[in-house]
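Protein chains in written order, with our numbering: chain A, 1 to 409; chain B, 410 to 653. Cβ atoms here follow ideal geometry from the backbone N, Cα and C, with glycine treated the same way. Notes follow once the structure below has been shown.
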Amino acid sequence: MAKIKLSDYAKVARPQNIDEIMLLAERLQGKTIKMVNSTNTGGGVAEMLHRIIPLYNDLGLKVKWDVIKGNNAFFNTTKAFHNALHGKKEEITQAMLDAYVETNEDNSKELTFEEDYIVIHDPQPAALINLKDKTKGKWIWRCHIDTSHPDPRVWDFLNKYVSRYDASIFSAPSFAKELPIPQYLIYPSIDPFADKNRELSQSEINDVLRKYQIPTDKPIITQVSRFDYLKDPLGIFETYKLVRKHVNCRFVYAGGTASDDPEGTQVLHELQERAANEPDFHILLLPNFADVAVNALQRASTIVMQKSLREGFGLTVTEALWKAKPVVASAVGGIPLQVIPNFTGVLVHSAEGAAYQIRYLLNNPAVMKKLGEYGREHVREKFLMTRTLRNYLLLFLSLQHPGEGLIKL
Amino acid sequence: MKVERAKEPFCFITSSMLVEITGKKAHHLKEFIQMLKQIDESSIFYHVHRVFREYSFAPGQYSNDFARWVAEDLEEGTLAEQLASINLRDYTDINSLRAKLVDLVENYLMNAVEIRRAPAGREFYFLRSLEVIIPTSHTVWTLKEFCDALNRVGMRSLYYHFFDARLRLGHKTNDFSNWIRTSLDNEELAQKIDEIDPYFMTMDQLKEKIISLCCEIKEPSVPSLATLFVRLAKQFMGKKKWPR
Chain A
1 MAKIKLSDYA KVARPQNIDE IMLLAERLQG KTIKMVNSTN TGGGVAEMLH
51 RIIPLYNDLG LKVKWDVIKG NNAFFNTTKA FHNALHGKKE EITQAMLDAY
101 VETNEDNSKE LTFEEDYIVI HDPQPAALIN LKDKTKGKWI WRCHIDTSHP
151 DPRVWDFLNK YVSRYDASIF SAPSFAKELP IPQYLIYPSI DPFADKNREL
201 SQSEINDVLR KYQIPTDKPI ITQVSRFDYL KDPLGIFETY KLVRKHVNCR
251 FVYAGGTASD DPEGTQVLHE LQERAANEPD FHILLLPNFA DVAVNALQRA
301 STIVMQKSLR EGFGLTVTEA LWKAKPVVAS AVGGIPLQVI PNFTGVLVHS
351 AEGAAYQIRY LLNNPAVMKK LGEYGREHVR EKFLMTRTLR NYLLLFLSLQ
401 HPGEGLIKL
Chain B
410 MKVERAKEPF CFITSSMLVE ITGKKAHHLK EFIQMLKQID ESSIFYHVHR
460 VFREYSFAPG QYSNDFARWV AEDLEEGTLA EQLASINLRD YTDINSLRAK
510 LVDLVENYLM NAVEIRRAPA GREFYFLRSL EVIIPTSHTV WTLKEFCDAL
560 NRVGMRSLYY HFFDARLRLG HKTNDFSNWI RTSLDNEELA QKIDEIDPYF
610 MTMDQLKEKI ISLCCEIKEP SVPSLATLFV RLAKQFMGKK KWPR
């Protein structure tokens with residue numbers, strides 16, 4: 001596949017937005033940027049960096065990407081941090097904190113920071129800020145985690161580092177904390193040219209449906225999520241039963257489960273048990289990196305659901321909206337930022353509510369079409385990767401003008 | 410379209426916003442009103458204009474974020490309607506708009522039987538924007554060039570010249586009317602554009618409306634008496650602007 005260039009995005013975003021990005025980048029010519037995270041494969045951050053860095057290069061900005069190294073003790077600690085920041089109870093020992101500090105110190109000796117802007121992603125490399133006084137650049141901490149209800153011990157520990165940055169970025173207003181540094185809002189975004197979102201031919205869609213044995217004889221209602229109680233797979237099955245009393249349709253619950261996640265396997269088995277006698281309730285265990293399959297399932301669906309009990313930003317909702325699908329979703333996490341009730345989708349609070357809305361939509365195709373159109377436009381304006389790119393450029397420019405609310409260039 | 414060259418060119422500017430989280434959040438109306446009284450002007454400006462800036466494709470349901478929060482998360486329908494009905498065209502500075510908002514909420518609270526709390530996670534988060542403005546390459550001298558450029562510039566440029574301008578200029582006009590009035594001497598068109606109510610249309614509709622007015626009123630074929638009077642007065646007094 002040919003390399004995607006910034007100019008290609010003018011076909012999917014408003015072309016004027018791309019012109020404006022170029023105007024902003026002109027004011028940053030000659031500046032250098034460094035991105036630092038903890039992995040170069042797997043995970044949303046690495047995926048985003050792989051796709052966005054070539055766009056910076058297209059704009060004439062030099063971006064270097066470094067990945068910190070660590071041993072098992074370090075990554076076990078940062079995994080526990082991750083869970084604790086999400087509000088899960090974790091035991092954090094002094095040895096774990098020591099492992100975190102030592103690994104960051106070791107990486108400090110190996111990495112150099114000569115760039116104008118240094119963007120540190122997530123908690124793993126946050127302690128690299130100890131090098132700040134020896135560098136000329138502006139340091140930014142980008143938090144990709146939902147930190148709305150963190151374990152205070154872990155947050156207090158990290159806060160010692162975070163509060164020394166020049167600026168921070170959070171994905172939703174509710175994720176922000178009380179910090180002495182500016183906190184900016186940059187929503188996560190999707191790449192319309194990634195396998196999960198790119199246009200698919202009908203034959204590509206049909207191949208996936210054939211592979212997973214999903215007939216297209218009835219409307220399809222789909223949720224793509226991990227097998228996790230917080231995604232409410234059992235609630236989806238309840239919704240299915242309520243809808244099926246009135247409308248002939250199929251439900252698809254498609255997701256993966258990590259091999260080291262015993263709860264995921266338990267959830268999958270429980271759902272399979274409940275749906276054992278329901279041929280129109282399809283449970284798909286997808287392998288890792290099944291991006292084209294997810295894309296095809298979303299595109300083949302009449303309605304996409306995201307009936308989570310808790311959610312981060314909810315990029316699966318963004319993906320569905322981009323495909324102009326009517327979305328029925330819970331009002332949790334970042335979903336209300338995307339689903340504006342009865343405008344870009346429908347928000348629900350229960351299986352009964354979800355079933356009622358699905359029945360309503362299936363009987364009103366014109367409403368589904370309108371929701372889908374507005375949903376796609378909403379994503380086009382706010383949640384495409386070009387918007388993230390623009391926001392980063394704005395942040396870099398603003399750091400050249402600290403304290404100014406209106407910057408005239 | 411007959412071309413008439415302006416005395417001064419019009420340079421389109423674009424404005425980009427970076428959103429800052431202030432860290433202030435209100436759980437209920439009492440907290441909300443305390444914060445509203447003290448919050449930066451830029452925060453109020455952001456929350457009342459965000460909808461117009463971001464929903465260029467369809468008219469939104471609520472004219473501002475305050476009304477949306479009160480309606481959806483507090484389910485206080487009456488107050489939401491009052492907040493949504495504020496006519497932003499009546500305000501040329503943020504502090505008088507703030508006073509109106511405070512007044513509405515305080516009056517509502519005086520008769521409120523209970524103070525409702527927003528559900529967890531649905532509190533009102535005060536945001537504010539940091540604005541970066543840059544001149545574009547579109548500089549025009551005639552109405553035709555103006556319309557062509559308006560078709561090519563982004564919505565952020567339209568927003569800057571139409572919405573932002575009212576507060577920047579401190580009176581009820583916009584940059585387009587200002588230029589058409591002072592550099593093209595076309596008072597009739599300037600006034601027609603001034604009269605557009607942008608708060609009930611999308612940015613796309615606003616752009617089309619301005620262009621259609623420019624096509625309709627290319628030049629003041631028969632100047633109004635008021636226009637003639639202003640021109641004569643300017644010549645007589647040797648001033649560019651009629652004193653306010």
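(message) For A/GLY372, would you say it is in contact with chain B, using Cβ-to-Cβ distances shorter than 8 Å as the test?
(response) no
(request) Pull up the DSSP beta-bridge partners for A/TRP141, would you. (result) A/ILE120, A/SER168
(message) Considering only DSSP beta bridges, list what A/THR32 is partnered with.
(response) A/LYS62
(request) Assign B/SER630 to one of two classes, buried (16 or more other C-beta atoms within 10 Å of its C-beta) or exposed (fewer than that). (result) Because the pLDDT at B/SER630 is just 49, under 50, the model does not fix this residue reliably, and the value given afterwards should be weighed accordingly. So B/SER630 counts as exposed.
(request) Taking A/TYR117 and A/THR386 to be in contact with their CB atoms under 8 Å, please state how far apart those CB atoms are, rounded to whole angstroms. (result) Between A/THR386 and A/TYR117 the Cβ distance is about 19 Å, and since that is not below 8 Å, they are no contact.
(request) Report the residue from A/VAL252, A/GLU311, A/ILE21, A/LYS5 whose alpha carbon sits nearest the alpha carbon of A/LEU393. (result) A/ILE21
(message) In this structure, how does DSSP classify B/MET426 when only helix, strand and coil are distinguished?
(response) strand
(request) Please name the residue in A/CYS143, A/ILE220, A/TRP155 whose C-alpha comes closest to that of A/ALA167. (result) A/CYS143
(request) Give the residues of chain A in contact with B/ARG565, contact being defined as C-beta atoms less than 7 Å apart. (result) GLU20
(message) Cβ closer than 7 Å: which chain A residues qualify as neighbours of B/SER452?
(response) Under the 7 Å cutoff, chain A gives no residues; its nearest Cβ is about 10 Å from B/SER452.
(message) Ignoring anything shorter than 3 residues, give me the beta strand (DSSP E) runs that lie fully in the region 561-629 of chain B, in order along the chain.
(response) none
(request) Give the residues from the region 306-321 of chain A that approach chain B closer than 8 Å (Cβ to any Cβ), ordered along the chain. (result) none
(request) Identify every residue that forms a DSSP beta bridge with A/SER330. (result) A/VAL348
(request) Measure the Cβ-Cβ separation of A/VAL252 and A/THR222 and say whether it is below 8 Å. (result) yes
(request) Report buried or exposed for B/ILE524, applying the criterion of at least 16 other Cβ atoms within 10 angstroms of its Cβ. (result) exposed
(request) In angstroms with no decimal places, state the Cα-to-Cα distance between B/LEU506 and A/HIS401. (result) 29 Å
(message) Along the region 156-186 of chain A, where does the CB come closer than 7 Å to a CB of chain B? Name the residues.
(response) PHE170, PRO173, SER174, ALA176, GLU178, PRO182, GLN183, TYR184, LEU185
(message) Quick check: the region 296-309 of chain A against the region 198-211 of chain A, are at least 3 beta-carbon pairs closer than 8 Å?
(response) yes
(request) Within 10 angstroms of the Cβ of A/GLN266, are there 16 or more other Cβ atoms? Answer buried if so, exposed if not. (result) exposed
(message) In whole angstroms, give me the CA-to-CA distance for A/ALA46 and A/GLU115.
(response) 20 Å
(message) Let me see if you follow: with CB-CB separation under 8 Å, is A/SER7 close to chain B or not?
(response) no
(request) Measure the C-alpha to C-alpha separation of A/ILE18 and A/GLY255 and round it to an integer number of angstroms. (result) 34 Å
(message) Rounding to the nearest angstrom, what Cα-Cα distance links A/ALA293 and A/LYS196 in this structure?
(response) 8 Å
(request) Can you pull the chain B residues whose beta carbon is under 9 Å from the beta carbon of A/GLN16, in chain order? (result) THR423, ARG561, VAL562, GLY563, MET564, ARG565, SER566
(message) Any beta carbon of chain B sitting closer than 8 Å to that of A/GLU238?
(response) no
(request) Please confirm if the region 77-89 of chain A is in contact with the region 143-155 of chain A, defined as three or more CB-CB distances below 8 Å between the two stretches. (result) yes
(request) Please list the partners that A/LEU23 has in chain B, where partner means a Cβ-to-Cβ separation under 8 Å. (result) THR423, ILE543, THR545
(request) Mind checking which residues open and close the beta strand (DSSP E) that includes B/GLU515? (result) It is not in any beta strand (DSSP E) - B/GLU515 instead sits in the alpha helix (DSSP H) that spans 503-519.
(request) Assign B/LYS433 to one of two classes, buried (16 or more other C-beta atoms within 10 Å of its C-beta) or exposed (fewer than that). (result) buried
(message) Counting C-beta neighbours from all protein chains within 10 Å, is the total for A/LYS307 16 or more, i.e. buried, or is it exposed?
(response) buried
(message) Do A/TYR100 and A/THR135 have their beta-carbon atoms positioned less than 8 Å apart in this structure?
(response) no
(message) Tell me whether the region 310-322 of chain A and the region 277-289 of chain A touch, counting them as touching only if at least three CB pairs, one residue from each stretch, are closer than 8 Å.
(response) no
(request) Establish whether the CB of A/LYS408 and some CB of chain B are separated by less than 8 Å. (result) yes
(message) Tell me which residues of the region 412-446 of chain B have at least one Cβ-Cβ distance to chain A shorter than 8 Å, keeping chain order.
(response) THR423, SER425, MET426, LEU427, VAL428, GLU429, ILE430, GLY432, LYS434
(message) Using DSSP's beta-bridge definition, name the partner residues of A/ARG250.
(response) A/ILE220
(request) Verify whether the separation of the beta carbon atoms of A/GLY345 and A/ALA329 is less than 8 Å. (result) yes
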